[in-house]
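**Student:**
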Amino acid sequence: MSSIDQMSVKVTAIEQVAPMIKAFTLQPLEGQLTPFSAGAHVVVEMGEGEQRYRNAYSLMSNPNDNRQYQIAVRLQEASRGGSIYMHEQVAVGDELKISPPANLFAPAWKANKHVLFAGGVGITPFLSYVPVMQQREAEFELHYMYRSQQTGAYSAELTEQLGDACRCYDADQGSRCDIAAVMADQPLGTHFYICGPESLIEAVRATADELGIPAGAIHWEEFAGAKPGQPFKVELSRSGVELAVAADTSLLEALEAADIDIQHLCRAGVCGQCVCDVTEGEIEHRDSYLSDAEKQSGKQMMPCVSRAAGERLVLDI
Amino acid sequence: MRVAPKEIQSFRDDFTYTNSAAAIERFPFPFPEDEYRYSVNIEAHQPKGGEGSAFEHYIDVDEHYLSEMAERELVLDDMPSRCLAMPHMELACWDMLERFMVSLAEDYPEHFALTRDGDNWHWENKLLHIDDHFTFGDSTTLPRPPLDYIGRQVQGDFALMDQREGNLFMDAGMVTCPADWSLAFDAGMSFDEWHGPVPMVHSEGIIERARKYLMALPVGQPVRRLNWTLTVNARMDTSSEKYNEWGHERASITPENVGEKIYLRVEVQVLDRMPRSNAVTISIRTYLLSLEDLVTNKAWAVRMHRTMKTLPQALIDYKGLTRFHGMVVDYLSQFDPAN
Amino acid sequence: MQTEQVNGVASKPVYTPVELNPKSRFHLFIAEQDVPVELQSLYDRCQEDKAVAAYASASDAQLLESLVTFPLTGTLYLAGTEPFLWRVASHAREAGLCSDQVRLLAPISRERHLFCCHCHTITEGVTYSPYACSGCGAMLEVTDHFSRLHGAYFSFQANAEDSTDMPEKREVN
Numbered sequence: 036m037s038s039i040d041q042m043s044v045k046v047t048a049i050e051q052v053a054p055m056i057k058a059f060t061l062q063p064l065e066g067q068l069t070p071f072s073a074g075a076h077v078v079v080e081m082g083e084g085e086q087r088y089r090n091a092y093s094l095m096s097n098p099n100d101n102r103q104y105q106i107a108v109r110l111q112e113a114s115r116g117g118s119i120y121m122h123e124q125v126a127v128g129d130e131l132k133i134s135p136p137a138n139l140f141a142p143a144w145k146a147n148k149h150v151l152f153a154g155g156v157g158i159t160p161f162l163s164y165v166p167v168m169q170q171r172e173a174e175f176e177l178h179y180m181y182r183s184q185q186t187g188a189y190s191a192e193l194t195e196q197l198g199d200a201c202r203c204y205d206a207d208q209g210s211r212c213d214i215a216a217v218m219a220d221q222p223l224g225t226h227f228y229i230c231g232p233e234s235l236i237e238a239v240r241a242t243a244d245e246l247g248i249p250a251g252a253i254h255w256e257e258f259a260g261a262k263p264g265q266p267f268k269v270e271l272s273r274s275g276v277e278l279a280v281a282a283d284t285s286l287l288e289a290l291e292a293a294d295i296d297i298q299h300l301c302r303a304g305v306c307g308q309c310v311c312d313v314t315e316g317e318i319e320h321r322d323s324y325l326s327d328a329e330k331q332s333g334k335q336m337m338p339c340v341s342r343a344a345g346e347r348l349v350l351d352i
Numbered sequence: 014m015r016v017a018p019k020e021i022q023s024f025r026d027d028f029t030y031t032n033s034a035a036a037i038e039r040f041p042f043p044f045p046e047d048e049y050r051y052s053v054n055i056e057a058h059q060p061k062g063g064e065g066s067a068f069e070h071y072i073d074v075d076e077h078y079l080s081e082m083a084e085r086e087l088v089l090d091d092m093p094s095r096c097l098a099m100p101h102m103e104l105a106c107w108d109m110l111e112r113f114m115v116s117l118a119e120d121y122p123e124h125f126a127l128t129r130d131g132d133n134w135h136w137e138n139k140l141l142h143i144d145d146h147f148t149f150g151d152s153t154t155l156p157r158p159p160l161d162y163i164g165r166q167v168q169g170d171f172a173l174m175d176q177r178e179g180n181l182f183m184d185a186g187m188v189t190c191p192a193d194w195s196l197a198f199d200a201g202m203s204f205d206e207w208h209g210p211v212p213m214v215h216s217e218g219i220i221e222r223a224r225k226y227l228m229a230l231p232v233g234q235p236v237r238r239l240n241w242t243l244t245v246n247a248r249m250d251t252s253s254e255k256y257n258e259w260g261h262e263r264a265s266i267t268p269e270n271v272g273e274k275i276y277l278r279v280e281v282q283v284l285d286r287m288p289r290s291n292a293v294t295i296s297i298r299t300y301l302l303s304l305e306d307l308v309t310n311k312a313w314a315v316r317m318h319r320t321m322k323t324l325p326q327a328l329i330d331y332k333g334l335t336r337f338h339g340m341v342v343d344y345l346s347q348f349d350p351a352n
Numbered sequence: 164m165q166t167e168q169v170n171g172v173a174s175k176p177v178y179t180p181v182e183l184n185p186k187s188r189f190h191l192f193i194a195e196q197d198v199p200v201e202l203q204s205l206y207d208r209c210q211e212d213k214a215v216a217a218y219a220s221a222s223d224a225q226l227l228e229s230l231v232t233f234p235l236t237g238t239l240y241l242a243g244t245e246p247f248l249w250r251v252a253s254h255a256r257e258a259g260l261c262s263d264q265v266r267l268l269a270p271i272s273r274e275r276h277l278f279c280c281h282c283h284t285i286t287e288g289v290t291y292s293p294y295a296c297s298g299c300g301a302m303l304e305v306t307d308h309f310s311r312l313h314g315a316y317f318s319f320q321a322n323a324e325d326s327t328d329m330p331e332k333r334e335v336n
């Protein structure tokens, strides 16, 4: 989405909910926020001028509550800046800009049962699932993996609230989740959801494959945004502009820094909104939106996560 | 200027439907260029064209409001199956009711009022003399299920699509003035299946692109596209269900009556993400304008002629224009100086 | 339901050859009547836990019954007429099977069910067009627009525009 579609919100509370995680409560400057659906996210824009960041965060408050939104931000050591900014620069009373909610991780409501795997700050979308699943009287179980010296936000509250439906695994206490044991012998119509690091997503998908659980029953959301890579140059053929994309900046961020507004929703290579036509240069595709054939054709790329495979790209912008 | 609702006119039997000069002026003429081309042509549904235009508000209430609501009652009395909502679409129907009531009350305070105190809502529709108190989300507190209730108070057809399994499924709707399709038959179809009979769009990847676009539609950013066909007489209910009753009218066109009997039928389709259910609502608002009225606008007459002349045969057949397309082109040619 | 769309009406199912699902731990084979040779051959090649069922005149309740104990890791193979395939597939989806857990063999007959858009009656055993509606009697033009929910093809009155202009009889595939 372009900047005109953003809403201004005020930070009304900041809470340290785990050693590395802060929760932010956001209220609208004017009017009301919209209700949202379980699993939705917003893109938060922070900073000014050169130091401008846009990160996607799951909404973790109750979807029916339109007075405020809550998001949680994990401090990323190898952060390209957004999470450090949220942790160090943002204070109560500050204003931020957010996109309207979009949902690329909605529960499959026709499922007979839902099994949720959360890793660390990946608990956030499931915090919005829980009240809706309870309201619908849906059968679910939550498996929450974290390191209590870094993450593990809300584990006590969830355990108290959900009882046996919530299992916590604190790696710092040597507690591990036996994913295969959880997934085996689930009833027909069970769907599995994963939010966490890529390693967790891969582990659950591999286990499902091994057990013969259909791929259509597995849903995941990566919370990692663009990963760094090699620096490269990009030329915009229509405007003649040339930009340098630094190793720790995404192409989309570089375009935005040059005041080129590109539609976007997820900033994670999923939604397809930011697709750009490429006329020259090799592409390192990192998205999950384009088909294999489209990737091979080398004519399109998703600038939010994908980069140049060589030193230079030419985009038809 | 805004067009106020007028007395009830008919879209069947004696066809008393007319457009005022103001309604002709604001008609959403759909052709942006002389040569006809099929495209997704999606644009943001935001006010465009200023006060009084058909795009001024999220929902356009115009002079035909009472007539169209009366026509809808006739259709639903005759065939209640023109409105359906699968059980899992309940929340989506409430989403739609909220979206429609809030925008109507904001945009037309002289006609509609909504008072909300938590989940206790009070809705007034002064045009239809409706005044109801109900609990949001509790269907037992409304006189009819939510889609059936609000659908009878808003012009246009509605389809609600559930988003799951990487696709959109048409699992609810109220369809009383469609351009030759059947909600009862198409219910439960994926976006691609629903558009199955449309020629050309599948091989060109148009449907797939449109679906991907809609699946990523965010809350609060509705988009619209225009579609069109030609209808004989000012008949709103050109459903497949009634094709056996109106089909013969296609054979009634002569060079003498073509200008009077052929109507350009424009659908303003608004696609909107529903916040709570993540469903996508499609509103299909139909506008009818006779060729006689259309040619009072000289630029439209010229463009209409050129567009009709370059229409591919596959579309002429698909849209059911085969029997009279030639007469339409001949009639319009007299208004095109290039001839 | 591994069907793909080709040119023509995109809703018309295309049946590709069915393979055993190598990932599955349980395989259920259901035939509408006699087990056709293609289904038998799949069954014979299957090394895993397997079951076979034929439903000469099974009620939908019996079909559902057979799905009660169906495991999350199973695959269902169906053979029969097209309306049967989609009716059972629809029950299976309701029971919780994913689309890649339901595999449809090509229909054993080219008979279609027709949905009359005027009276919503479904007429069975249709092999040519136009065909008389068993509900309202209208002569129906058969189309390729297919509803998986109804297991039937869309049809409309063939001579509605000109009562004297009845299309010539043609076979439908």
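Chains as they are written, first to last, in the working numbering: chain A, 36 to 352; chain B, 14 to 352; chain C, 164 to 336.
All residues carry an ideal CB built from backbone N, CA and C; glycine is no exception.
Values in this document were obtained by computation on a predicted structure and should not be read as measured data.
Mind checking which residues open and close the alpha helix (DSSP H) that includes B/Lys-311?
**Tutor:** For the purposes of this step, residue 311 of chain B is identified with residue 298 of the second sequence, where counting begins at 1. That run of the alpha helix (DSSP H) goes 311–322.
**Student:** Tell me whether B/His-146 is buried or exposed, calling it buried when 16 or more other Cβ atoms sit within 10 Å of its Cβ.
**Tutor:** Taking the second sequence and counting its residues from 1, one reaches residue 146 of chain B at position 133. Counting Cβ neighbours within 10 Å, B/His-146 comes out exposed, since fewer than 16 surround it.
**Student:** Round the Cβ separation of A/Gly-29 and A/Ser-341 to the nearest angstrom and send it over; I've been treating them as touching at under 8 Å.
**Tutor:** The question about residue 29 of chain A has no answer here: the residues shown for chain A are numbered 36 through 352.
**Student:** Report, in whole angstroms, the separation of the C-beta atoms of C/Leu-248 and C/Leu-241, which I expect to be a contact under 8 Å.
**Tutor:** Position 85 of the third sequence, counted from the first residue, corresponds to residue 248 of chain C. Position 78 of the third sequence, counted from the first residue, corresponds to residue 241 of chain C. With a beta-carbon spacing of about 5 Å, C/Leu-248 and C/Leu-241 fall inside the 8 Å limit used to define contacts.
**Student:** Strictly below 8 Å CB to CB, what residues from chain C border B/Tyr-336?
**Tutor:** Looking up residue 336 of chain B in the second sequence gives position 323. The sequence given here places Arg at residue 336 of chain B; Tyr does not occur at that position. Within chain C, the residues near B/Arg-336 are Glu-324.
**Student:** What whole-angstrom Cβ distance do C/Cys-296 and C/Cys-282 have, given they're in contact under 8 Å?
**Tutor:** Position 133 of the third sequence, counting from 1, holds the residue named residue 296 of chain C. Position 119 of the third sequence, counting from 1, holds the residue named residue 282 of chain C. Between C/Cys-296 and C/Cys-282 a beta carbon distance of about 7 Å is seen, short of the 8 Å cut, so the two are scored as contacting.
**Student:** Between C/Ala-173 and chain B, is the shortest Cβ-Cβ distance under 9 Å, so that the two count as touching?
**Tutor:** For this step, residue 173 of chain C is matched to residue 10 along the third sequence. Taking Cβ atoms only, chain B reaches closer than 9 Å to C/Ala-173, which makes this a yes.
**Student:** What in chain B is Cβ-close to A/Thr-69, meaning under 7 Å?
**Tutor:** As a working note, residue 69 of chain A is residue 34 in the first sequence. Against chain B, the beta carbon of A/Thr-69 has neighbours under 7 Å at Val-232, Gly-233, Pro-288, listed in chain order.
**Student:** Go through the region 114–149 of chain A residue by residue and report every complete run of the alpha helix (DSSP H) that reaches 4 residues or more, in order.
**Tutor:** 117–123
**Student:** Rank A/Ala-143, A/Ala-137, A/Arg-87, A/Ile-133 by C-alpha distance to the C-alpha of A/Gly-116 and give the top, closest one.
**Tutor:** The count along the first sequence starts at 1 and reaches residue 116 of chain A at position 81. Comparing Cα positions, the closest option is A/Arg-87.
**Student:** Pull up the CB-CB distance for C/Pro-246 and C/Ala-315, whole angstroms please, since I reckon it's below 8 Å.
**Tutor:** Here residue 246 of chain C refers to the residue found at position 83 when the third sequence is read from its first residue. Here residue 315 of chain C refers to the residue found at position 152 when the third sequence is read from its first residue. So it is a contact: roughly 7 Å between Cβ atoms.
**Student:** Give me the residue from C/Lys-332, C/Thr-306, C/Glu-334, C/Ser-326 with the minimum Cα distance to B/Tyr-331.
**Tutor:** Walking along the second sequence from the start, residue 331 of chain B turns up at place 318. Ranking the options by Cα distance to B/Tyr-331, first place goes to C/Thr-306.
**Student:** So the candidates are A/Leu-197, A/Phe-175, A/Asp-205, A/Glu-317; which of them puts its Cα closest to the Cα of A/Ser-183?
**Tutor:** As a working note, residue 183 of chain A is residue 148 in the first sequence. Per the Cα distances, A/Asp-205.
**Student:** What residue ranges within the region 149–214 of chain A form continuous alpha helix (DSSP H) runs of no fewer than 4 residues, ordered along the chain?
**Tutor:** List check, alpha helix (DSSP H) in window: 159–170, 190–197.
**Student:** If you follow the beta strand (DSSP E) that C/Phe-247 is in, where does it begin and where does it stop?
**Tutor:** What you label residue 247 of chain C is simply residue 84 of the third sequence in a count that begins at 1. Taken as a continuous stretch (DSSP letters only), C/Phe-247 belongs to no beta strand (DSSP E), being part of the alpha helix (DSSP H) at 245–258.
**Student:** Quick one: Cα of A/Ser-272 to Cα of A/Thr-314, how far?
**Tutor:** Taking the first residue of the first sequence as position 1, residue 272 of chain A is located at position 237. Taking the first residue of the first sequence as position 1, residue 314 of chain A is located at position 279. One C-alpha to the other measures close to 9 Å.
**Student:** Kindly give me the distance between the Cβ atoms of A/Gly-128 and A/Lys-45, rounded to whole angstroms, as I take these residues to be in contact under 8 Å.
**Tutor:** Translated into positions along the first sequence, residue 128 of chain A becomes position 93. Translated into positions along the first sequence, residue 45 of chain A becomes position 10. About 7 Å; that satisfies the 8 Å criterion.
**Student:** So, with DSSP's three-state summary, where would you put B/Gly-164?
**Tutor:** The sequence position of residue 164 of chain B within the second sequence is 151, counting from 1. Three-state DSSP puts B/Gly-164 in a helix.
**Student:** Rounded C-beta distance between A/Cys-309 and A/Leu-287? I'm assuming under 8 Å.
**Tutor:** As a working mapping, residue 309 of chain A is identified with position 274 in the first sequence. As a working mapping, residue 287 of chain A is identified with position 252 in the first sequence. In this structure A/Cys-309 is in contact with A/Leu-287, their Cβ atoms being roughly 6 Å apart against a cut-off of 8 Å.
**Student:** Sorted by chain position, which residues of the same chain lie with C-beta nearer than 7 Å to B/Asp-91's C-beta, five sequence neighbours on each side aside?
**Tutor:** Here residue 91 of chain B corresponds to residue number 78 of the second sequence, with the count starting at 1. None.
**Student:** Pick from A/Ser-163, A/Trp-255, A/Phe-59: whose alpha carbon is nearest that of A/Ala-126?
**Tutor:** Residue mapping note: residue 126 of chain A aligns to position 91 of the first sequence, counting from 1. The residue from A/Ser-163, A/Trp-255, A/Phe-59 with its alpha-carbon nearest to that of A/Ala-126 is A/Phe-59.
**Student:** Which residues of chain A have a Cβ atom closer than 9 Å to the Cβ of B/Asn-6, listed in chain order?
**Tutor:** There is simply no residue 6 of chain B to check, as chain B begins at 14 and stops at 352 in what is shown.
**Student:** Assuming A/Pro-63 contacts A/Met-42 under a Cβ cut-off of 8 Å, what Cβ separation, rounded to an integer in Å, is found between them?
**Tutor:** Mapped onto the first sequence, residue 63 of chain A falls at position 28. Mapped onto the first sequence, residue 42 of chain A falls at position 7. That belief holds up - the Cβ atoms of A/Pro-63 and A/Met-42 are roughly 6 Å apart, short of 8 Å.
**Student:** Taking Cβ-Cβ distances shorter than 8 Å, what residues in chain A pair up with C/Cys-296?
**Tutor:** On the third sequence, position 133 is the one that residue 296 of chain C refers to. Ordered by position in chain A, no residue passes the 8 Å Cβ test against C/Cys-296, which lies about 33 Å from the chain.
**Student:** Please state whether the Cβ-Cβ distance between B/Asn-240 and B/Glu-206 is less than 9 Å.
**Tutor:** As a first step, residue 240 of chain B is located in the second sequence; it is residue number 227 there, counting from the start. As a first step, residue 206 of chain B is located in the second sequence; it is residue number 193 there, counting from the start. Not a contact, by the Cβ cut-off of 9 Å.
**Student:** Does B/Arg-238 come within less than 9 Å of chain A when only Cβ atoms are used?
**Tutor:** Reading the second sequence from its first residue, position 225 is the one you call residue 238 of chain B. Cβ-Cβ to chain A under 9 Å: no for B/Arg-238.
**Student:** Return the first residue and the last residue of the alpha helix (DSSP H) that A/Cys-306 is part of.
**Tutor:** Here residue 306 of chain A refers to the residue found at position 271 when the first sequence is read from its first residue. Here A/Cys-306 belongs to no alpha helix (DSSP H), and DSSP marks it neither H nor E.
**Student:** Here's a check: name, in chain order, each residue in its chain whose Cβ is nearer than 6 Å to the Cβ of B/His-58, leaving out the five neighbours to either side.
**Tutor:** Along the second sequence, one-based indexing puts residue 58 of chain B at 45. Cβ neighbours of B/His-58 beyond the five flanking positions: Pro-235, Val-236, Arg-237, Val-283.
**Student:** Which of the three DSSP states is assigned to C/Arg-311 in this structure?
**Tutor:** By 1-based counting over the third sequence, the position of residue 311 of chain C is 148. DSSP places C/Arg-311 in coil when its eight states are reduced to three.
**Student:** Does DSSP put A/Ile-295 in a helix, in a strand, or in coil?
**Tutor:** Here the question's residue 295 of chain A lines up with position 260 in the first sequence. The answer is coil: DSSP assigns A/Ile-295 none of H, G, I, E or B.
**Student:** Give the DSSP-derived three-state secondary structure of C/Val-276 in the structure shown.
**Tutor:** In the third sequence, counting from the first residue as 1, residue 276 of chain C sits at position 113. Per the sequence shown, the amino acid found at residue 276 of chain C is His instead of Val. DSSP places C/His-276 in strand when its eight states are reduced to three.
**Student:** Please list the partners that A/Thr-225 has in chain C, where partner means a Cβ-to-Cβ separation under 8 Å.
**Tutor:** Locating residue 225 of chain A in the first sequence gives position 190, where the first residue counts as 1. Within 8 Å Cβ-Cβ: Leu-235, Gly-259.
**Student:** Whose Cβ in chain A lies nearer than 8 Å to the Cβ of B/Glu-56?
**Tutor:** Taking the first residue of the second sequence as position 1, residue 56 of chain B is located at position 43. Result: empty, since nearest Cβ-Cβ is about 13 Å, beyond 8 Å.
**Student:** Could you spell out the range, first to last residue, of the beta strand (DSSP E) harbouring C/Arg-266?
**Tutor:** As a working note, residue 266 of chain C is residue 103 in the third sequence. Counting along the chain, the beta strand (DSSP E) containing C/Arg-266 begins and ends at 265–267.
**Student:** With a threshold of 16 other CB atoms inside 10 Å of the CB of B/His-142, please say whether the residue is buried or exposed.
**Tutor:** Locating residue 142 of chain B in the second sequence gives position 129, counting from the first residue. Under this definition B/His-142 is an exposed residue.
**Student:** Excluding the five sequence neighbours on either side, which residues of its own chain have a C-beta within less than 8 Å of the C-beta of C/Pro-330, listed in chain order?
**Tutor:** Here residue 330 of chain C is taken as the residue at index 167 of the third sequence, counted from 1. Taken in chain order, the residues that qualify are Ser-292, Pro-293, Glu-304, Ala-321, Asn-322.
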